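Shown next, in structure tokens, is the structure this report addresses.
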Amino acid sequence: MKRLFLLALLAAPATSNAQSPDCRQGQLAQGLRNIETWYQNRHPRDLYVAQLLLREGNFPDIATDGQWGPATSAAFCQMLTNHVAIFGQMPVERPAETPDFIDWLAALNYALDNGGEIPD
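Residue 2 is where the sequence shown starts when you use this note's numbering, and the numbers rise one by one after that.
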């Protein structure tokens, strides 16, 4: 059941009528700021790798340039929204929690591509 719910959530950004989540305020805004802060202090290749994960995970139009921009922000916002919808909690309450969130994205992509268990 969790797999079907997750697949439905992940399909949303690919549809033209999907409504983008609002990450301008509240916990989504803070989570997004935490991720952006983390990447401001890292080598651009780290964000490049995350952008590759986002592209693989249903954001085909995202630039893989290692630069934070509107598409990267929107993709992270959507994935934060999905995580909160599934688990009921913000996964990135501090910038230092960003690597764990990225690891979750990688595990999620792997599971969806290979039929494995959806990560918690």
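Ideal placement from N, C-alpha and C gives every residue a C-beta, glycine not left out.
Just so we're clear, the structure is a prediction, and the values are computed from it rather than from any experiment.
Cβ-Cβ distance between residue i and residue j below 7 Å
i	j	result
Met124	Gln28	An answer regarding residue 124 cannot be provided, because it is not within the stretch 2 to 121 covered by the chain.
Asn35	Val93	yes
Pro120	Leu113	no
Segment limits, alpha helix (DSSP H) that includes residue i
i	result
Cys78	Pro71 to Phe88
Gln68	Here Gln68 belongs to no alpha helix (DSSP H), and DSSP marks it neither H nor E.
Ala112	Thr99 to Asn115
Helix, strand or coil at residue i [DSSP, three-state]
i	result
Pro22	coil
Asn59	coil
Asp121	coil
Asn42	coil
Glu37	helix
Pro92	coil
Gly27	helix
Any non-hydrogen atom of the ligand ADP closer than 6 Å to residue i Cβ
i	result
Arg56	With respect to small molecules bound, the structure shown includes none, and the ligand ADP cannot be examined in it.
C-alpha distance - residue i paired with residue j, whole-angstrom precision
i	j	result
His86	Pro22	A small fix is needed here, since residue 86 is Ala in this sequence, not His. If I take the Cα positions, the gap works out to 11 Å.
His84	Trp105	10 Å
Leu54	Thr38	19 Å
Pro69	Leu48	Reading off the sequence, residue 69 comes out as Trp, not Pro. Roughly 8 Å separates the two Cα atoms.
Arg25	Val50	25 Å
Asn59	Gly89	22 Å
Asp66	Ala30	23 Å
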